[in-house]
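Working notes for the structure below.
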Amino acid sequence: MTSLRFVFWFLLISFSAAAQKDYKLWLQYDKILNPQVAQEYNLTVKGVVSLGNSETSKISLKELENGWTNMLGNKIEIKSKIEGENNLIIGSQSSLSSDIQKTILSDFDKISNEGFIIKSILLKNKKQIVITGKNDVAVLYGVYRFLRLVQTNKSIKNLSILDSPKINLRVLNHWDNLDRTVERGYAGFSLWNWQKLPDFIDQRYIDYARANTSIGINGTVLTNVNANALILTPQYLEKVEALANVFRPYGIKVYLTARFSAPIEIGGLKTADPKDNAVANWWKEKAKEIYKRIPDFGGFLVKANSEGQPGPQNYGRDHVDGANMLADAVAPFGGVIMWRAFVYSEHDANDRAKQAYAEFQPYDGKFKDNVIVQVKNGAIDFQPREPFHPLFGAMPKTPLMMEFQITQEYLGFSTHLVYLPKLFQEVLASDTYQKGKGATVAKVIDGSLSPQKLTGIAGVSNIGNDINWTGHPFAQANWYGFGRLAWDPYLDSEIIADEWLRGTFSNNENFVKPVKQMMMQSREAVVNYMTPLGLHHIMDTGHHYGPGPWVSDLSRPEWNPTYYHKADKNGIGFDRSKTGTNATAQYAPQVEKMFDTSETCPEIDLLWFHHLSWDYKLKNGQTLWNGLVLKYQEGVNQVQEMQNTWNTTEKYIDNERFKEVQMLLEIQYKEAKWWRDACLLYFGQYSCKELPAGVEKPTQSLEYFKSLKFPFAPGN
Ligand code: GCV
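When the letters of the sequence shown are read in order and numbered with our numbering, they come out as residues 4 to 719.
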């Protein structure tokens, strides 16, 4: 009995320790194992002096204390005033004594309102480190950066770091419904427990805020873009207010999605026509009501006249009318409207990839100052690879906000290890050529190409109430990497992976080096085994889980995979060149020219822009058929390599996360083969060609793959 009890407690304790590791994200603050490194830190920092006393300052101090104690194994002395040397002094500009201010005065001119300074200084001949900024939230950003230096075992001698975010609105978009289901969510249910709010504040809300602020995210849209008007009723606003109160000290603003028909559904009006005075007034009153509760409310995100959502077009008005009416409602309070450009219509016979540009580009310069147009990274819908959206750079008089998808709707849900910052970086570094060479997407969205009053970037969240937040331990890296790139869209995704691995798992080079390489290769692997050479949108219907290139019977033509790959006896691919839909003409002339002919089109985008014969010669001399098949096989091989790499890491990390990832990689391997076999069997019917050497033969028939059904796939 006693021994049974012991086993029970042992299991419980080890389970909760493991769960905590998963839960703690990149903020593990593990003990520093290298004694020299630990010694340097202990010698360089002997105490902390916190100069502020706001809620935010208290968080800064608590984070420092907690991080330091865990990493160094000894408590850091908290001092009430600066005495002796080797102190860490934290406080905003106005709280600093004049002698400290003097030493770093010119640095304040080099940072923005949210920027921070971490500097080793000499104060009365004594060495100190200062972490400061123009306000307490900026200081908190600095504290997290300082802790990251320690976490990643960087030197903290002679520090001189000045850093400001390059983009102002850095927000997560939660596609969370009020019943706690999450559209395209693969990590459990929504974090927001509407039933228990406002009185019950889950520790998760606080840890969510900590994680976000540690990477610089400063906004959260709590609700799904497929919106429910109830969120705007007093019953729910009270709950939203409670969340806003939790997030405020962390510098995170709350936003909501606005259902365009809300004036009818919850306001009792007969119309939601944006030109109707009663409608405009209803929104003005609603804004007043919200700001009374939440003075720093961020504003609204709107999906209108898209995939069946109501919008101004229901009343013969356009997107400008709709967005500007809402903009007027929130303007007196400093709110913004994030208006989505994700539009395409079953009544428009045009190539779906052209529709958003065709509709929105003519609106350039017509939106009010507090409207920012949110554009997905590519023209279709978050595929494993898409060329950058042609709207980027094409609306110089309108702020455009990037929308990335962190949740892996089309990239294997939370089961596949895919390191997305590699994808994000590829998009951000794409050259639009809109003002000549070097006009990257990053420069469009940070306002450096054409100055903008608002700049922004959104990531569709992959967070749910799973213990590890994101379903897959490595999907945490996608949340992390999104935040880091939102802060600085020019960062290298490999450096981000390095930081994340060290903060999350270990500083051991034998672990970091191979696993980083694995992460960096993972995005190309998923492209290879799902949609190589520019293929896109060939997943199964509705839930989007697994391959479905055969699907051709959906009511809307542009929902069918056959619309996108157009495979037939003559070849495969969507002709978007001059001889086809001429979508290439939506890009700047240099880009248009490059995409327009198959010889100059990058092969990674080939079948996005061209329909080519099965015998078309690729750059490596292979026929298109053989090349395509080999890419599918390469993707499968890459997953196998990822498995091999992971299997070498067992001795460096905790057993639980090792096992979790190992099992998930095994599923990924199976699913990669599923994608390869299903797609090759299907396309092979048209190419009528054999599989080249080196490719495994499918073990199931096409009919088998077509028969698979997933009625309870998550996220639907
Ligand atoms: C929130 C795709 C997804 C939808 C999503 C939509 C959007 O179509 O499948 O679930 O809806 O994009 O971004 O609005």
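For glycine and all other residues, C-beta sits at the position ideal for the given N, C-alpha and C.
Beyond the five residues adjoining it in sequence on each side, residue 324 comes within less than 8 angstroms, by CB distance, of 277, 278, 315 in the same chain, given in chain order. In the DSSP assignment, residue 249 forms no beta bridge with any residue. A residue is called buried once 16 or more other Cβ atoms fall within 10 Å of its Cβ, and residue 390 is buried on that count. The bridge partners DSSP lists for residue 166 are 119. For residue 258, the enclosing beta strand (DSSP E) has its first and last residue at 256 to 260. Residue 285 is not a Cβ neighbour of residue 302, given a cutoff of 8 angstroms. With a contact defined as Cβ atoms closer than 8 angstroms, residue 522 and residue 655 miss out at about 15 angstroms.
Residue 103 and residue 116 have their alpha carbons spaced roughly 19 angstroms apart. Within the region 347 to 434, complete beta strand (DSSP E) segments of at least 3 residues are found at 374 to 379, 403 to 408, given in chain order.
Residue 649 sits away from residue 671, with the two beta carbons spaced by 8 angstroms or more. A straight-line Cα-Cα distance of about 48 angstroms links residue 216 and residue 628.
Secondary structure at residue 461: strand, using DSSP grouped into helix, strand and coil.
Pairing residue 114 with residue 136 gives a Cβ-Cβ distance under 8 angstroms.
Contact annotation: the region 325 to 341 does not touch the region 378 to 396, with fewer than three C-beta pairs closer than 8 angstroms.
A distance below 8 angstroms separates the beta carbons of residue 465 and residue 411. In terms of Cβ geometry, residue 93 and residue 140 do not form a close pair [threshold 8 angstroms]. In this structure, residue 404 lies away from residue 364, with their beta-carbon atoms at least 8 angstroms apart. Following the DSSP letters along the chain, one finds residue 134 in no alpha helix (DSSP H) but inside the beta strand (DSSP E) bounded by residues 129 to 136. According to the DSSP assignment, residue 173 belongs to the beta strand (DSSP E) that extends over 172 to 176. With respect to residue 110, residue 129 sits apart: the two C-beta atoms are not nearer than 8 angstroms.
Short of 8 angstroms from the beta carbon of residue 514, and not among the five residues preceding or following it, lie these beta carbons of its own chain, in chain order: 504, 508, 652, 655, 656. Around the beta carbon of residue 449, 16 or more other beta carbons sit within 10 angstroms, so the residue counts as buried. Fewer than three beta-carbon pairs drawn from the region 436 to 454 and the region 475 to 486 are found closer than 8 angstroms, and the two stretches are therefore not classed as touching. Looking from the CA of residue 233, the closest CA among 127, 618, 263 belongs to 263. Residue state for residue 96 is assigned as helix, using DSSP reduced to three classes. Residue 304: member of the beta strand (DSSP E) spanning 302 to 305, first to last residue. Here DSSP, grouped into helix, strand and coil, assigns residue 554 to coil. For residue 340 and residue 331, the gap between their C-alpha atoms comes out near 10 angstroms. The three-state secondary structure of residue 50, taken from DSSP, is strand. Residue state for residue 198 is assigned as coil, using DSSP reduced to three classes. In the displayed model, residue 623 falls within coil according to three-state DSSP, outside both helix and strand. 8 angstroms or more divides the Cβ of residue 381 from the Cβ of residue 718.
Bounds of the alpha helix (DSSP H) holding residue 207 are 206 to 218.
Cβ-Cβ separation between residue 247 and residue 300: approximately 7 angstroms, consistent with a contact (criterion under 8 angstroms). A heavy atom of the ligand GCV is found nearer than 7 angstroms to the CB of residue 384. Nearest to residue 572 by C-alpha distance, out of 616, 551, 531, 207, is 616.
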